[in-house]
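As you go down the protein sequences, you meet chains S and H in turn. Take the first sequence: its letter number 205 is residue 201 in our numbering, and every next letter is one higher. Take the second sequence: its letter number 71 is residue 76 in our numbering, and every next letter is one higher.
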Amino acid sequence: MIVRISDDAVAIACGADDVAAAFITAGVAVERVSSWGMQWLEPLVEIDGVGFGPVSVDQVPAIINGSAPSVGRIEEHPFIANQTRLTFARAGKTRPLSLDDYYASEGWLGLAKAHEMGAEATIATVTTSGLRGRGGAGFPAGIKWQTVARADGDQKYIVCNADEGDSATFADRMVMEGDPFMLIEGMAIAGFAVGADKGYVYIRSEYPHAIAKMEAAIKLSSHLIAPFVIEVRVGAGAYVCGEETSLLNSLEGKRGEVRAKPPLPALEGLFGKPTIVNNVLTLAAVPWILTHGGEAYAEFGAGRSKGTMPIQIAGNVKHGGLFEVAFGITLGELVNDIGGGTASGRPVRCVQVGGPLGAYIPPAQFHLPLDYEAFAAADALVGHAGITVFDDTVDMAQMARFAMEFCAIESCGKCTPCRLGSTRGMETIDQIIAGKNVEENLALIADLSETMKFGSLCALGGFTPYPVMSAIKHFPEDFR
Amino acid sequence: MVSIADILTEHKDREGPLLPVLHDVQKQFGHVSEDAIREIADVLNLTRADVYGVVSFYHDFRKEPEARPVLKLCRAEACKSRGVEALVPLAESQNRIKIEAVYCLGLCSVGPSAMVGDKVYARLDSARLRTLLEAM
């Protein structure tokens, strides 16, 4: 009997190491694999395809002797069966640092294909796929690559943005902890396509497991991606470094302050050289696209949102985890059908999509399809596709205040609307909560939000108005 | 014992060496002192103001040592939706352990979550948080 248990941070935080140790003590072989992403079941124990979870140490003997109740065959579980896993095809199935497992599951085929077809055709394939930046901005990856490929420069860089700071997002972390070779392959393909020989993965310091896995995987695979070289760099607790120009400054060893654009990083990026800055999920999607073709990827999705999106269902939700599916699925399906409603069993009051800079959306808008354009039309954003579910005990005035507070804490200080606006916004919402001059202060917040939205240098100050104004618009009763 | 000079020697020829240097100094000494800033600036050919500016910008770097053990409690939206705010009074009812806010550990469906050193803890409730604090 071989028992498979994830060594992903969620599994470990829920006690997977102790459970694994208990099996080993009982004389059972344990394989540590990536996570299936069924996080409400972690620690999830898999034996011959059948799952048990969440497992505690005292349930180990019953699992070994076959008397413990299971959740059935994992691959047939609706949460898994209803997904379209391209980027997460290996999730739950392979050992993260096993090159053998990676080879055996289409590993390195994308890179080989790129070498075979050449740099220009590689970029054309990415363009055909319709892949858009998964970090939140949704910029077409092929166009960015083309720009860097055509830019003049003796040195070019591939920078992987792994500063996944948004609450309710963990897909980048799962890629790095569960399938690090896929990200390495994606970066190597990007490097080959645009003529860059050096890549950096900028990982936030709050992700020690991802840092360790990426460093180990880079060591194990360096000969397979040579002459391309990848180095891990660790962030230092600044949310704003997820913004690409701030991230570049941080990599250069500076304060993580935002740079004005233009110049675009594609032309003057890291150390002033042409640089691709792509999110983990963008680069991780590339090996599949090269292996199966750009058209195959573009067959998934809706409108101009092509392919699949690894959606992260989080917060007060019954079935939280990683759900990869083609664009176009509605919020209601995600929250109610797949997520199963709230974990607390109370009614869903709202969800926040896209992290701390994303809008709060009430159930009345759960018909919205997950699609960059459809969300933008509803004054919301897809962002990194993290969904936080709240039940009816949430106080939306407090959440609006927190949006301003978070912006004040994390503002880099470079531009005035963000630096000062966030603090004044927090104070003004405090006045509203205290019942002082409510209507005048709400008007002031609306005005301030306009200023922040259009006057800030980057999305931190520019998008903080989304959670604030959506909370006021959809839940006015919490402010009066 | 690794010295600041050793750390600088290890990193100084890398591209953009300052953050890796500061991480190692912070890890080794628990903070980045005035003297360390002076030495780093000297070797990396930066001004002390440049280095100080970087140290003060990032939440991970401390200018003063912290004698107490530190528990980082996630206070971001997903953990708020799962009730972390109700745990804050308990966490702060003692003075032996420093409680710091962190904004997201990426454990957003199994919160409230916390981190001690490199170890992560999820599904915290009053009992589990109390046990965790007592074990520190």
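Just so you know, even glycine gets a beta-carbon here, dropped at the ideal spot from N, CA and C.
Reduced DSSP category for residue i - H, G, I as helix; E, B as strand; rest coil
{"i": "Gln79/S", "result": "coil"}
{"i": "Ile45/H", "result": "helix"}
{"i": "Thr412/S", "result": "helix"}
{"i": "Val29/S", "result": "strand"}
{"i": "Gln394/S", "result": "helix"}
{"i": "Ala100/S", "result": "coil"}
{"i": "Tyr108/H", "result": "coil"}
{"i": "Pro136/S", "result": "strand"}
{"i": "Gln55/S", "result": "helix"}
{"i": "Asp375/S", "result": "coil"}
{"i": "Leu260/S", "result": "coil"}
{"i": "Gln427/S", "result": "helix"}
{"i": "Ile226/S", "result": "strand"}
{"i": "Ser452/S", "result": "coil"}
{"i": "Phe188/S", "result": "helix"}
{"i": "Asp387/S", "result": "strand"}
{"i": "Val122/S", "result": "helix"}
{"i": "Gln99/H", "result": "coil"}
{"i": "Gly335/S", "result": "coil"}
{"i": "Val254/S", "result": "coil"}
{"i": "Gln31/H", "result": "helix"}
{"i": "Gly311/S", "result": "strand"}
CA nearest to the CA of residue i, picked from the options
{"i": "Val344/S", "options": "Pro136/S, Gly350/S, Leu327/S, Phe319/S", "result": "Leu327/S"}
{"i": "Ala12/S", "options": "Ala208/S, Ala310/S, Val29/S, Asp193/S", "result": "Val29/S"}
{"i": "Arg80/H", "options": "Asp18/H, Glu39/H, Ala96/H", "result": "Ala96/H"}
{"i": "Asp65/H", "options": "Ala46/H, Val93/H, Ser118/H, Lys32/H", "result": "Lys32/H"}
{"i": "Phe398/S", "options": "Gly249/S, Pro352/S, Ser66/S, Val67/S", "result": "Pro352/S"}
{"i": "Arg128/H", "options": "His363/S, Gly311/S, Ser452/S", "result": "Gly311/S"}
{"i": "Ala404/S", "options": "Ile226/S, Gly417/S, Pro65/S, Ile285/S", "result": "Gly417/S"}
{"i": "Gly132/S", "options": "Gly337/S, Cys408/S, Asp474/S, Phe459/S", "result": "Phe459/S"}
{"i": "Gly457/S", "options": "Val67/S, Lys410/S, Gly303/S", "result": "Lys410/S"}
{"i": "Ala7/S", "options": "His288/S, Met400/S, Ser201/S, Gly174/S", "result": "Gly174/S"}
{"i": "Ile102/H", "options": "Ser114/H, Pro74/H, Asp29/H, Arg135/H", "result": "Pro74/H"}
{"i": "Phe386/S", "options": "Lys314/S, Val321/S, Gly421/S, Glu329/S", "result": "Lys314/S"}
{"i": "Ser94/S", "options": "Phe48/S, Met210/S, Ser163/S", "result": "Met210/S"}
Burial state of residue i, where buried means 16 or more other Cβ atoms lie within 10 Å
{"i": "Val7/H", "result": "exposed"}
{"i": "Ala245/S", "result": "Note that residue 245/S corresponds to Asn in the displayed sequence, not to Ala. It counts as buried."}
{"i": "Gly114/S", "result": "exposed"}
{"i": "Tyr153/S", "result": "buried"}
{"i": "Asp168/S", "result": "buried"}
{"i": "Lys469/S", "result": "exposed"}
{"i": "Met141/H", "result": "exposed"}
{"i": "Thr83/S", "result": "buried"}
{"i": "Thr52/H", "result": "exposed"}
{"i": "Gln348/S", "result": "buried"}
{"i": "Phe267/S", "result": "exposed"}
{"i": "Lys68/H", "result": "exposed"}
{"i": "Tyr63/H", "result": "buried"}
{"i": "Phe402/S", "result": "buried"}
{"i": "Pro176/S", "result": "buried"}
{"i": "Ala41/H", "result": "buried"}
{"i": "Phe450/S", "result": "exposed"}
beta-carbon residue i near the ligand ADP non-hydrogen atom, thresh 7 Å
{"i": "Gly379/S", "result": "The ligand ADP is not part of the structure shown, which contains no ligands of any sort."}
Contacts around residue i, its chain only, beta-carbon distance under 6 Å, and the 5 residues preceding and following it disregarded
{"i": "Leu107/S", "result": "Glu181, Ala184, Ile185"}
{"i": "Leu377/S", "result": "Gly350, Gly354, Phe371"}
{"i": "Leu112/H", "result": "Ser118, Ala127"}
{"i": "Thr123/S", "result": "Gly138"}
{"i": "Val107/H", "result": "Lys77, Cys79"}
{"i": "Asp11/H", "result": "none"}
{"i": "Ala381/S", "result": "Met305, Ile307"}
Spatial neighbours of residue i in its chain, beta-carbon cut-off 7 Å, leaving aside the 5 residues before and after
{"i": "Phe19/S", "result": "Val(-1), Val26, Val56"}
{"i": "Tyr367/S", "result": "Note on identity: in this sequence residue 367/S is Asp, with Tyr being the wrong assignment. So the list reads Ala298, Gly299, Ser301, Phe323, Gly324, once near-sequence residues are dropped."}
{"i": "Lys140/S", "result": "Ala262, Ile272"}
{"i": "Ile119/S", "result": "Gly138, Trp141, Gln142, Ala145, Ala189"}
{"i": "Arg87/H", "result": "Gly116, Pro117"}
{"i": "Ala396/S", "result": "Ile425, Pro463, Val464, Ala467, Ile468"}
{"i": "Lys269/S", "result": "Gly149, Gln151, Lys152, Tyr153"}
{"i": "Glu240/S", "result": "Asn157, Pro261, Val273"}
N- and C-terminal bounds of the alpha helix (DSSP H) containing residue i
{"i": "Ile8/S", "result": "5 to 9"}
{"i": "Cys84/H", "result": "82 to 86"}
{"i": "Tyr57/H", "result": "53 to 62"}
Delimiting residues of the beta strand (DSSP E) encompassing residue i
{"i": "Lys17/H", "result": "Per DSSP, Lys17/H belongs to no beta strand (DSSP E) and is neither H nor E."}
{"i": "Tyr198/S", "result": "194 to 199"}
{"i": "Thr271/S", "result": "271 to 275"}
{"i": "Glu320/S", "result": "317 to 322"}
Under 7 Å from the C-beta of residue i: neighbouring residues of chain C
{"i": "Arg169/S", "result": "No chain C appears in this structure, whose protein chains are S and H."}
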